[in-house]
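Undergrad:
Numbering (the numbering used here), first residue to last: 1 to 285.
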């Protein structure tokens, strides 16, 4: 999602798709993160056999087994794990292979990365802390060289100590995480994921430590009325969409979102990204 988009070209299609259709209820799916970031999906249910959930339902998201970044579900899971587990000041590590250590294949690259993570885990335990990490491995678009991008929690260990553990080259950059102006880490997450098109052409995978806090999904069939939903899908200008969203989610600032139509059902849906007010500089504990 790039920028605030009401998708004006779809308004007529949306109106046509909902003309004469009785909206039984609106289902809200919320994906809140501990740093205040939240993603929301909204869609209406008109199936006569469908029944409202009697109360809100909350469950942890199961992370995809195949963590390739060419599927939207995997990309969302990576984005949510990032925002749910890391904070400003945590470390962003980009190790580089020297020519003599360049891995011959993906298996060798993963072996080198695993060795580095084991060293990091040992270092953290020496200081009485637990390592938490997320990484993305990709191949370059031109030379097919493998690159690793690693996010780890900062527990006070010096960057020099972290750099010194990489034994496959002399260049390791360790930077402190800086959130976007809206408080999320979506710009860096999108950079690591690149585009879905590139992810299909060039291998790009992600993974995380087992101790990350899984994001949760909250289902609610009573939070958004059909009238409120219609105010979103009928927004003809970007500012109208923003106002409608911020009326609905008063405790959050709008980051971006879009309105579209499901190709199978022909019915509209809304996807939103929000940040809780006053949480732009929050610190996770």
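Each residue gets a CB set at the ideal place from its N, CA and C atoms; glycine is no exception.
Pull up the distance between the alpha-carbon of residue 231 and that of residue 185, whole angstroms please.
TA: 29 angstroms
Undergrad: Label residue 319 either buried or exposed according to how many other C-beta atoms from any shown protein chain fall within 10 Å of its C-beta, with 16 as the threshold for buried.
TA: Outside the modelled stretch of the chain, which goes from 1 to 285, sits residue 319, for which no answer is possible.
Undergrad: Could you give the first and the last residue of the continuous beta strand (DSSP E) run that contains residue 173?
TA: Residue 173 -> beta strand (DSSP E) spans 172 to 176.
Undergrad: Just list the alpha helix (DSSP H) runs in the segment 202 to 244, keeping only unbroken ones of 4 residues or longer that don't cross its boundaries, in chain order.
TA: Runs of the alpha helix (DSSP H) inside the segment 202 to 244: 226 to 233.
Undergrad: Report the option in 267, 241, 264 and 252 whose CA atom is closest to the CA atom of residue 258.
TA: 241
Undergrad: Give every residue of the same chain whose Cβ lies closer than 6 angstroms to the Cβ of residue 109, excluding the five residues on either side of it in the sequence, and list them in chain order.
TA: 103 and 146
Undergrad: What does the alpha-carbon distance come out to for the pair residue 27 and residue 167?
TA: 51 angstroms
Undergrad: Can you list, in chain order, the residues of its chain whose CB lies under 6 angstroms from that of residue 41, leaving out five sequence neighbours each side?
TA: 29 and 271
Undergrad: What did DSSP end up calling residue 28 once you bin it into helix, strand or coil?
TA: strand
Undergrad: Within the continuous beta strand (DSSP E) that includes residue 259, where are the two ends?
TA: Note, residue 259: beta strand (DSSP E), 252 to 261.
Undergrad: Could you pull the DSSP bridge partners for residue 59 from this structure?
TA: 217
Undergrad: Inspect the beta-carbon positions of residue 218 and residue 35 and report whether they are closer than 9 angstroms.
TA: no
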